[in-house]
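Student: Provided herewith is a single structure, encoded as structure tokens, for subsequent inquiry.
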Amino acid sequence: MSDRIKNLEAVLQNANTPQDKIDALNELGWALRRDDFTRTIELAQQTQKLAQQEPFTPIPYHKGFANGLINEAGANLYRANFGVTLSKSLEAVSILEQHNIRESLPRALYLVSVAYGQLGNVSDALDFSFRQLHVSDELEDLEGRATALLVIGAHYDDMGNYKESLNYLTQCLDAFKKLDKTYWVILSYCNVSEVTRKLGDPQKGLEHALTALSIANNSSQQTSHRINQLIYIKIGEAHMALNQLDEALKHMQAAIDYAKDVEDPETAIQAMQSIAQLYFRLNEYDKSLAYVQSALEWAQKIKHTAHIYRGHELLADIYEKQNDPTQALYHYRQFHIVKESMINEESKQQLENLQVIYRTETAQKEAEYYASLYEAEQARRELESILNQIGRILTSTLNLNEVLDQILAQLNKLLSFDRGSLLLWRTGELEFVATRGYDSANTPPDQHRIPVDLDNDQDVFSRIYKSQDPLAIEDVTQYDGWQRVEGLTTPGSWLGLPLIRGQEVTGMLSLARNEVKPYDDEDISIATTFASQAVIALENARLYNQVQQFNQYLEDEVQKRTVALQEAYQQLERLDRNKADFIAVTAHELRTPITILKGYGQILENDPSVRSDDYRNNLVSGIVSGANRLYEIVNTMLTMVKINNQSLEMNPETLSIFQLLDAVVVNLENDISDRQQTVTLDEDNLRQLPVIEGDISTLKTVFSNIVMNAIKYTPDHGQIHIHGTSWQAPPTPHLPANAIQITISDTGIGINAEALELIFDKFYQTGEVATHSSGRTKFKGGGPGLGLAIARGIIESHHGHLWAESPGHDEINCPGSDFHVILPIKQTRPQNQTTLTPA
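Numbering (this note's numbering), first residue to last: 1207 to 2045.
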């Protein structure tokens, strides 16, 4: 318990007047709202009730009643019950404004704004935040002003106005630093991190999130799981934007673990959807599908429409990528159904909120009646909560001795008994394995065992063993079959509970009261439920030893395999390095003689005596053509080496993508003519694309390689079409904002699904290529297999994407292929650096 909570508890204990007590209850409830939802709501309802009773009748204590509503709204906000939050906080605003109670108004307006925002009504949410800012300034309430700035920044973020959002969030961060509010400073850094990332600076966003984590770790105050999970989400999102996917996955999983610890489904959903998007980017659609489905199940449980809406949208995208049009269509339909229901629900919610503001005295009395019903229901739920908590405690350890001690300790919280023992059945006798409440006057037998005759129908364990039901004895002294154990006094009342594993009784719980105080039906019901939990804990502990032994065996085997894999991996690394070194050395060594051969060939080609002799002219032309082809191959190999070494230098400048593509096509006119193909540039479409920043030379290489690839794998008389598009907001989450897309489509033989990524690997070639062909665009001609690998390396150096799509490989029907190139309009690079290196 924190010092602040202790102080507030002390204030409550010392409250002398009803008004002081209500105010103290409200202050305590507000302090507990993030960490103890149940108690906060209890305190809030207690204050609302007290504020309308003597001596506050017939005129209620409006301030106390409104603050009780505010606390109830605040607790429901952290439980993601946004409808209840909105209803209670709107009612509080109505009371506070009606009676001109200004000091509590900023808190109420804050809750209304946040609830509206969570329910998707950003416009009304923003109006209430500005009202809170105005009232806080009037009252000189610095904390109210800071929270208003925070929420305004969050709403502008939701609206996509990131610059305005960053402006308000920066102001709120400074305000909370001055107030020395650790929790709010961390929350503000998390929001600043997200908006900075959305403004295109994920590295800065990561720095803000890590600052939040550092503050949380170094704070003298223990931060809640809820704020920790938010920090890890922001760190994960920043790593994702930086394409640091392993780090992103690690932090998102940490956020899910925190969310499960505090039963915060909304944050878990958000983290799972982010992991799903991450796997989607990695083309690991099965993993992405699993996380989206889990997130959707959670969202449906809490009826969070916005997350349900997003879940169906993601599922549709995944199934579309998996070529499952039936499932994709189904989820697209669900997506639109939920979207329509969201619109209808918003309209309905607005009407309900208007009714709340103008609720009548009758409605208030009805609320009191339902509150009394709620109290009875709350008692039932509290018992259920205790049982669940005890279940978690029992399963929190797998050490058998700890489990045995905890069983009786936790049961004693639910049920009163003077002596308790846990006995296990050992074929013919019961063995004491755990005891509670025993002293020198009551000591279990020396051997800790009691012989049992199962044929004796009066023996208590025999009856429990055969019936598998609890046995309660009101007065043990009146029970003829009671077997007295040496060292133990005869109890007054007794309850025995079977421990059942599968269909077999493995032991019993023995609970004795010294006086005759019979166990009633409720006691027996509670104890029976507890016994089933105890059996699970015991079984887990029993299995744990077996699992430990098996795990040790597996660890030994894994260690052996790991050593073997490491050796194989190191050998492959050496081979790969040797291959790369060989290529680099060979290319450099070949370049000089090829340059000489090319130069002398050109001299001969221009010699008048050679040019006048057709036979010799043809020979020399063949030499020059072959030298040029060799020169291209050597340059290609050297470019691949630079990409591998991340040493490819490029000079970005402003360029027209249409002019660049037109130059590429003109340069390939002879190749296109030789194959009697048609290459079409969608001129109207491409001319409308915005100018971009990029390295002209290397981008020409990219599009030349892709177009030559299309020519090579398209039969004679085929068609190649080039068109493009642009966007500010990306059509799918894994694509960059403010980018263009160029698509090169052909009517060629297509690509098998399993080769769509392999074609971008070095030296990979599809199909049975003509290995002796020297023409760079001959049909299925051979080549070094580096063109597409180089193209992808250059595009990734521009922070873009390159991938291929095709229905499959078919040399008869020629289904064709589409190559997609994504390029950002602006290139981001460190200061004082004018070169791009591969991503």
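Built from N, CA and C at the ideal position, the CB exists for glycine as well.
Does the Cβ of E1260 have 16 or more other Cβ atoms within 10 Å, making it buried, or fewer, making it exposed?
Tutor: Along the sequence shown, one-based indexing puts residue 1260 at 54. With fewer than 16 Cβ atoms within 10 Å of its Cβ, E1260 is classed as exposed.
Student: Identify whether H1542 lies in helix, strand or coil by the three-state DSSP scheme.
Tutor: As a working mapping, residue 1542 is identified with position 336 in the sequence shown. Three-state result, H1542: helix.
Student: State the CB to CB distance for the pair A1869 and K1906, rounded to an integer number of angstroms; the pair is presumed to be in contact (CB under 8 Å).
Tutor: Taking the first residue of the sequence shown as 1, we reach residue 1869 at position 663. Taking the first residue of the sequence shown as 1, we reach residue 1906 at position 700. A1869 to K1906, Cβ: 7 Å. Contact.
Student: What residue ranges within the segment 1790-1843 form continuous alpha helix (DSSP H) runs of no fewer than 4 residues, ordered along the chain?
Tutor: For the segment 1790-1843, whole alpha helix (DSSP H) runs of length 4 or above, ordered along the chain, are 1814-1817.
Student: When burial is assigned at 16 or more other CB atoms within 10 Å of the CB, is Q1338 buried or exposed?
Tutor: For the purposes of this step, residue 1338 is taken as the residue at position 132 of the sequence shown. Counting Cβ neighbours within 10 Å, Q1338 comes out buried, since at least 16 surround it.
Student: Nearest-angstrom Cα distance between P1866 and D1877?
Tutor: Position 660 of the sequence shown, counted from the start, is the residue given in the question as residue 1866. Position 671 of the sequence shown, counted from the start, is the residue given in the question as residue 1877. The sequence as given places Leu at residue 1866; Pro does not occur at that position. One C-alpha to the other measures close to 18 Å.
Student: Quick check: the segment 2011-2023 against the segment 1951-1958, are there 3 or more CB pairs under 8 Å?
Tutor: The segment 2011-2023 is in contact with the segment 1951-1958.
Student: Looking only at DSSP bridge pairs, what is L2011 linked to?
Tutor: Residue 2011 sits at position 805 when you count from the first residue of the sequence shown. Just to set this straight, residue 2011 is Glu in the shown sequence, not Leu. E2011 pairs with D2024.
Student: Among residues of its own chain, excluding the 5 on either side of H1927, which ones have a beta-carbon nearer than 6 Å to its beta-carbon?
Tutor: In the sequence shown, counting from the first residue as 1, residue 1927 sits at position 721. Excluding positions up to five away in sequence, the list reads T1886 and S1951.
Student: Judging by CA-CA distance, which residue of Y1368, V1871 and L2029 is the nearest neighbour of I1948?
Tutor: Walking along the sequence shown from the start, residue 1948 turns up at place 742. Closest by alpha carbon: L2029.
Student: Roughly how many angstroms lie between the CA atoms of L1283 and Q1533, to the nearest whole one?
Tutor: Here residue 1283 refers to the residue found at position 77 of the sequence shown. Here residue 1533 refers to the residue found at position 327 of the sequence shown. Approximately 35 Å between the Cα atoms of the pair.
Student: From S1425 to T1388, what does the alpha carbon distance come to, in whole angstroms?
Tutor: Here the question's residue 1425 lines up with position 219 in the sequence shown. Here the question's residue 1388 lines up with position 182 in the sequence shown. Whole-angstrom Cα-Cα distance: 8 Å.
Student: For the segment 1246-1264 against the segment 1277-1291, do three or more pairs of beta-carbon atoms, one drawn from each stretch, fall closer than 8 Å, so that the two count as touching?
Tutor: Short answer: they touch.
Student: Taking the alpha carbon of Y1644 as the point to measure from, which residue in N1720, P1657, I1706 and L1617 has its own alpha carbon closest?
Tutor: Counting from one through the sequence shown, the residue named residue 1644 turns up at place 438. Comparing Cα-Cα distances from Y1644 to each of N1720, P1657, I1706 and L1617, the minimum goes to N1720.
Student: Between which two residues does the beta strand (DSSP E) harbouring G1900 extend?
Tutor: Translated into positions along the sequence shown, residue 1900 becomes position 694. Residues I1898 to G1900.
Student: When we look at the beta-carbon of A2078 and count the other beta-carbons within 10 Å, is it buried (16 or more) or exposed?
Tutor: Past the edges of the chain, shown from 1207 to 2045, lies residue 2078, and the structure says nothing about it.
Student: Kindly indicate which three-state DSSP category P2030 falls into: helix, strand or coil?
Tutor: If you number the sequence shown from 1, residue 2030 lands on position 824. Here P2030 sits in strand by DSSP.
Student: Would you verify that the beta carbon of P1724 is, or is not, closer than 9 Å to some beta carbon of chain D?
Tutor: The displayed structure is made up of one protein chain only, and chain D is not part of it.
Student: Can you list, in chain order, the residues of its chain whose CB lies under 6 Å from that of H1537, leaving out five sequence neighbours each side?
Tutor: Here the question's residue 1537 lines up with position 331 in the sequence shown. So the qualifying residues of the chain are H1518, L1521 and A1522.
Student: Can you find the residues in the same chain that come closer than 7 Å, C-beta to C-beta, to H1414, ignoring five residues on each side of it along the sequence?
Tutor: Taking the first residue of the sequence shown as position 1, residue 1414 is located at position 208. Hits under 7 Å: Y1395, V1398, S1399 and T1402.
Student: If I1486 sits next to S1494, beta carbons under 8 Å apart, how far is it from one beta carbon to the other, in whole angstroms?
Tutor: Locating residue 1486 in the sequence shown gives position 280, counting from the first residue. Locating residue 1494 in the sequence shown gives position 288, counting from the first residue. Note on identity: in this sequence residue 1486 is Phe, with Ile being the wrong assignment. Contact flag correct, Cβ pair sits at about 4 Å.
Student: What does DSSP give as the partner residues of R1642 in its beta bridges?
Tutor: Numbered from its first residue, the sequence shown carries residue 1642 at position 436. BP columns for R1642 point to G1626.
Student: Could you give the C-beta distance for G1406 and T1860, rounded to a whole number, given that I count them as a contact under 8 Å?
Tutor: Counted from its first residue, the sequence shown places residue 1406 at position 200. Counted from its first residue, the sequence shown places residue 1860 at position 654. Wrong, their Cβ atoms sit about 18 Å apart, outside the cutoff.
Student: Spatial neighbours of T1641 within its chain, please: CB distance less than 8 Å, with the 5 preceding and 5 following residues excluded, ordered by chain position.
Tutor: What you label residue 1641 is simply residue 435 of the sequence shown in a count that begins at 1. L1614, R1625, G1626, S1627, L1628 and P1650, listed in sequence order.
Student: Between the segment 1371-1381 and the segment 1346-1358, can you find at least three pairs of beta-carbon atoms closer than 8 Å?
Tutor: Yes, the segment 1346-1358 touches the segment 1371-1381.
Student: Please classify E1635: does DSSP put it in a helix, a strand, or coil?
Tutor: On the sequence shown, residue 1635 is found 429 positions in, with the first residue counted as 1. Strand.
Student: Which same chain residues end up closer than 7 Å to I1732 when comparing Cβ atoms and leaving out the 5 residues on each side of it in sequence?
Tutor: Locating residue 1732 in the sequence shown gives position 526, counting from the first residue. Closer than 7 Å at the Cβ level, and outside the excluded window around I1732, lie L1620 and L1621.
Student: Just mark H2004 as buried or exposed, buried being the case when its beta carbon has 16 or more other beta carbons within 10 Å.
Tutor: Translated into the one-based positions of the sequence shown, residue 2004 becomes position 798. Under this definition H2004 is a buried residue.
Student: Just checking my contact of A1737 with L1701 at CB under 8 Å: how many whole Å lie between their CB atoms?
Tutor: Locating residue 1737 in the sequence shown gives position 531, counting from the first residue. Locating residue 1701 in the sequence shown gives position 495, counting from the first residue. Rounded, the Cβ-Cβ distance is 10 Å, inconsistent with contact.
Student: When the Cβ atoms of the segment 1830-1843 are set against those of the segment 1885-1902, are three or more pairs found closer than 8 Å?
Tutor: No, the segment 1830-1843 does not touch the segment 1885-1902.
Student: Name the one or two DSSP bridge partners that I1948 has.
Tutor: Taking the first residue of the sequence shown as 1, we reach residue 1948 at position 742. Paired residue(s): G1930 and V2027.
Student: With DSSP as the reference, label P1990 as helix, strand or coil.
Tutor: For the purposes of this step, residue 1990 is taken as the residue at position 784 of the sequence shown. Three-state result, P1990: coil.
Student: Comparing the CB of Y1806 with every heavy atom of the ligand FAD, is any distance shorter than 8 Å?
Tutor: You won't find the ligand FAD in this model; it holds no ligand whatsoever.
Student: May I ask which residues mark the beginning and end of the alpha helix (DSSP H) holding L1332?
Tutor: Locating residue 1332 in the sequence shown gives position 126, counting from the first residue. From DSSP, the alpha helix (DSSP H) with L1332 extends over V1328 to L1345.
Student: Give the range of the beta strand (DSSP E) segment to which M1714 is assigned.
Tutor: Stepping through the sequence shown from its first residue, residue 1714 is reached at position 508. It spans E1710 to R1719 - the beta strand (DSSP E) in which M1714 sits, taken as one unbroken run.
Student: Kindly indicate which residue of N1489, A1281 and P1990 has the alpha-carbon position closest to the one of Q1528.
Tutor: The residue labelled residue 1528 in the question sits at position 322 within the sequence shown. It is N1489.
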